[in-house]
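Colleague: The numbering of the sequence shown is our numbering, which starts it at 209 and goes up by one.
So that we are looking at the same thing, I have put the structure below in structure tokens.
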Amino acid sequence: MKSIPKSMTRFIAALPRRHQILLSLVCVVTLLMLFLPSDPATASRHADIPRQLDQQELLLGQRYQLPLQVDTSADTATQSDETNLRWSGYEVRSGDSLARIFDKMGFTPQQLYRVTQDQQADRVLRKIHPGDTLRFARDDNDELAQLAYQINATDTLIVSRADNGFISHIETKPIEVRTETAHARIKTSFWNAGIDAGLTEGQIMSIADIFGWDIDFALDLREGDEFSVLFEKKYAEGEFIGYGRILAAEFVNRGEHYQAFRHTNDEFYNAQGRAMRKSFLRSPVKFNYISSNFNPRRLHPVTGQVRPHNGIDYAAAVGTPVMASGAGKVIASAYNNLNGHYVFIQHGERYVTKYLHLSKRLVKTGQRVKQGELIGRVGATGRVTGPHLHYEFLVDGVHRNPRTVKLPQAESLIADELPEFKALVQQRLAVLNDSKRLYLAML
Ligand SMILES: [Zn+2]
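Here it is in structure tokens:
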């Protein structure tokens with residue numbers, strides 16, 4: 209206390225006179241307080257003061273040795289650390305390895321080694337992808353104190369420095385699910401109507417899948433068709449993180465109403481509890497591959513007739529996937545000059561489906577296929593002028609229109625499940641109808 213550094217003296221001398229007086233006064237008061245006899249000060253409770261000292265009386269002017277082993281619980285360690293941490297982020301690029309990232313961020317291989325000694329950290333950090341972000345926290349000594357890696361929208365890996373190495377835990381944000389509705393009227397195409405209504409590509413495909421047993425989305429849709437959908441949206445801490453399930457949907461195709469409701473088994477049923485899933489898909493080609501959604505009077509590519517032959521032609525690019533419309537057994541997979549590459553499938557006793565002009569056959573005669581299974585690809589083989597799939601549907605050996613033929617009855621929910629299901633249907637319908645009214649009011 210006797211020698212005040214020169215710089216300090218100069219600093220004080222440079223101050224205005226009033227400040228100098230004030231400063232001296234403060235010094236005198238402080239000194240008086242220090243040397244006057246007083247009650248021993250009692251320490252206030254504070255996280256920084258170790259427990260042993262907290263309990264005894266502290267004397268002013270006395271030096272205390274703080275025990276080095278304070279409190280080893282992770283909580284207090286991170287709490288006191290976090291205040292002085294400096295965070296910086298790194299976006300993973302292709303070709304990056306953890307070693308390279310640590311090097312780029314200025315950390316040593318030893319630090320990486322210590323981080324990956326934690327098994328969970330090692331396992332999770334092996335899965336980093338380009339575009340992911342790693343965040344690093346440095347302490348005052350520029351040492352790695354914490355590392356955070358957002359695994360997905362809800363989970364974050366936190367690796368924290370502890371006494372011996374690093375320990376990790378995964379922080380999970382709770383997901384909140386809200387529901388929303390969309391309603392649309394088709395003007396140019398189902399796809400565009402869905403996009404205009406704010407639906408995602410996945411949701412649009414899902415709607416086509418839900419109703420794909422009743423409606424041929426490739427050929428049956430018309431301008432003025434309408435649909436409504438009730439779906440989930442997921443949020444974490446108020447932030448939108450993604451879409452959830454479709455809960456209910458309605459489709460009006462050429463004046464016909466179709467409704468579908470998700471049951472607890474995740475299958476869709478109509479309002480009466482009858483399964484939407486049926487023994488045959490209306491179309492063996494997904495609608496989004498079809499060249500035109502509205503072309504009711506297409507001419508046969510070769511004969512030029514309007515309602516030409518025994519099947520339906522789907523104009524689509526060479527290579528478009530062709531699905532088995534129902535489960536069954538392949539009774540022919542071959543080639544001839546007229547049909548090109550073709551596949552015939554027998555379904556039970558009464559039904560046969562035929563797929564012609566393929567560029568590629570992916571099944572063999574005698575093979576069993578599941579509904580929706582890839583059996584070939586659209587081509588332009590045989591007597592054709594352009595690439596398309598020629599599709600035939602035969603019932604008891606007679607050609608029928610696959611888009612209008614009455615198909616086997618769908619399975620129903622068992623009677624026990626119906627009351628609960630129908631109560632749910634009423635709720636969902638009320639929400640869908642409300643949204644439709646709102647939509648129509650806005651037109
Ligand atoms: Zn044809």
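Note that CB positions come from ideal geometry on N, CA and C, so glycine has one too.
Nearer than 7 Å: is that true of the beta carbon of Asp521 relative to any heavy atom of ligand 1?
Modeller: yes
Colleague: Could you check what DSSP says for Met413 in three-state terms: helix, strand or coil?
Modeller: helix
Colleague: Considering only C-alpha positions, which residue in the set Val551, Tyr298, Ala307 and Gly446 is nearest to Pro382?
Modeller: Of the candidates Val551, Tyr298, Ala307 and Gly446, the one whose C-alpha sits nearest the C-alpha of Pro382 is Gly446.
Colleague: List in chain order: all unbroken beta strand (DSSP E) runs of 3+ residues lying wholly within the segment 554 to 593.
Modeller: 559 to 569 and 582 to 586
Colleague: Alpha carbon to alpha carbon, how far is Lys614 from Tyr357?
Modeller: 55 Å
Colleague: If you drop the 5 nearest sequence neighbours on each side, which residues of the same chain put their C-beta closer than 7 Å to that of Asn478?
Modeller: Gln467, Ala468 and Met484
Colleague: Assuming Lys486 is part of the alpha helix (DSSP H), what are its boundary residues?
Modeller: From DSSP, Lys486 is part of no alpha helix (DSSP H); its letter is neither H nor E.
Colleague: Less than 8 Å between the CB atoms is what I'm expecting for Asp326 and Phe374, so what's the real figure, rounded?
Modeller: Contact between Asp326 and Phe374 holds, since their C-beta atoms are separated by about 5 Å, short of 8 Å.
Colleague: What does DSSP give as the partner residue(s) for Ala457 in the beta ladder?
Modeller: Val437 and Ala468
Colleague: Would you tell me roughly how many angstroms separate the C-alpha atoms of Val633 and Ala392, rounded to the nearest one?
Modeller: 21 Å
Colleague: Kindly give me the distance between the Cβ atoms of Met531 and Glu581, rounded to whole angstroms, as I take these residues to be in contact under 8 Å.
Modeller: 6 Å
Colleague: Going by C-alpha distance, which of Val323, Gly339 and Pro595 is nearest Glu299?
Modeller: Gly339
Colleague: Report the residue from Arg591, Glu600 and Arg585 whose alpha carbon sits nearest the alpha carbon of Phe560.
Modeller: In the sequence on display, residue 560 carries Val and not Phe. Measuring from the Cα of Val560, the nearest candidate turns out to be Glu600.
Colleague: Please find out if some non-hydrogen atom of ligand 1 comes closer than 7 Å to the beta-carbon of His598.
Modeller: yes
Colleague: Rank Gln328, Asn292, Leu355 and Leu293 by C-alpha distance to the C-alpha of Ile309 and give the top, closest one.
Modeller: Leu355
Colleague: Leaving out the 5 sequence neighbours to the left and right, which residues in its chain are closer than 7 Å to Tyr647 when beta-carbon positions are compared?
Modeller: His391
Colleague: Let me confirm a value: Thr250 is counted as buried when at least 16 other C-beta atoms fall within 10 Å, else exposed. Which label applies?
Modeller: Low local confidence applies: a pLDDT of 38 at Thr250 is under 50, so the model's placement there is unreliable, and no value is given.
Colleague: From the beta carbon of Thr387, is the nearest beta carbon of chain B less than 8 Å away?
Modeller: No chain B is part of this structure, which consists of one protein chain only.
Colleague: In terms of residue numbering, what span does the alpha helix (DSSP H) encompassing Asp340 cover?
Modeller: It is not in any alpha helix (DSSP H) - Asp340 carries neither H nor E in the DSSP assignment.
Colleague: Take Val385 as the anchor and find which of Arg611, Asn372 and Lys441 has the nearest alpha-carbon.
Modeller: Lys441
Colleague: Apart from the five residues just before and just after Ala405, which ones in its own chain have a Cβ nearer than 7 Å to its Cβ?
Modeller: Ala390, His391 and Ala392
Colleague: By Cβ distance, which residues of its chain are closer than 7 Å to Ala623, with the 5 residues on each side in sequence left out?
Modeller: none
Colleague: When the Cα atoms are used, what is the spatial distance from Gly590 to Val571?
Modeller: Distance between the alpha carbons of Gly590 and Val571 is about 19 Å.
Colleague: Could you tell me whether the Cβ atoms of Leu293 and Leu333 are closer together than 8 Å?
Modeller: no
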